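K.L.:
Take the sequence shown: its position 152, counting from 1, is numbered 276 in the working numbering, and each next residue is one higher.
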Amino acid sequence: MSRKEDIERRTEELLTPIAQKHGTTVYDVEYVKEAGDWYLRAYIDKEGGVNIGDCVDVSHDLSDALDADDFIEDAYTLEVSSPGLGRQLKKDRHFENSLGQEVDLKTYKPVDGCKEFTGILKAFDADNVTITIQDTDKIFLRKDISVIRLSLDF
């Protein structure tokens with residue numbers, strides 16, 4: 125496990141009971157470096173969506189827990205937010221909760237001359253994702269998918 129993955133895992137372990145205490149769930153945690161600065165992002169969710177108060181309450185408690193545990197050596201910025209409407213699907217639990225919903229999928233390399241697809245998420249496993257596009261099932265290797273997220277329908 126990489127250092128980044130370990131930080132994300134340990135943060136999620138700290139965050140889970142905090143999120144539950146505030147009536148939310150953990151959607152995802154990511155530790156990323158952008159423009160030379162480290163960011164620890166915690167995404168929380170709940171039925172009906174989270175509000176700014178939820179984010180503030182969880183952020184305060186998570187910040188205290190991270191300070192007490194002190195396992196991250198780098199200076200970083202902590203951000204707590206909603207995963208948003210067009211949330212990215214990364215983990216199996218994200219895929220499971222999104223079955224039957226419309227998704228936008230992008231691949232690293234063209235598949236049948238195209239790199240962007242929109243369809244209904246039909247199935248997934250450790251290696252593949254199946255979406256239905258105009259009544260036809262299309263199977264993608266997970267390793268070939270650069271991003272998959274819920275479609276935004278305006």
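Just so it is clear, CB atoms sit at the ideal spot from N, CA and C, and this is done for glycine as well. All of these numbers come straight from a predicted model, not from anything done at the bench.
1) What is the DSSP secondary structure of asparagine 221, counted as helix, strand or coil?
2) Taking 8 Å as the cut-off, decide whether the C-beta atoms of valine 227 and arginine 266 are in contact.
3) Apply the 10 Å Cβ neighbour rule to tyrosine 155 and answer buried if 16 or more other Cβ atoms are within range, or exposed otherwise.
4) Residues in its own chain within less than 7 Å of aspartate 169 by CB, not counting five upstream and five downstream?
5) Report, in whole angstroms, the separation of the C-beta atoms of serine 187 and leucine 202, which I expect to be a contact under 8 Å.
6) Glutamate 240 and lysine 230: beta carbons closer than 8 Å?
7) Would you kindly work out how many angstroms separate the C-alpha atoms of alanine 166 and glutamine 258, rounded to a whole number?
8) Whose CA, out of Gly224, Lys214, Thr260, Ala159, lies closest to the CA of alanine 250?
9) Quick check: the Cα distance between alanine 199 and aspartate 236, rounded to an integer number of angstroms?
10) So who's on the other strand from cysteine 287, going by DSSP bridges?
11) Would DSSP call valine 180 helix, strand or coil?
12) For leucine 338, write down the residues that DSSP places opposite it in a beta bridge.
P.N.:
Considering the structure as presented:
1) helix
2) no
3) buried
4) Thr148, Thr149, Tyr151, Ser206, Pro207
5) 6 Å
6) yes
7) 35 Å
8) Lys214
9) 44 Å
10) Absent from the structure is residue 287, since the part of the chain shown begins at 125 and ends at 278.
11) helix
12) Since the displayed the chain opens at 125 and closes at 278, residue 338 lies outside it and no answer follows.
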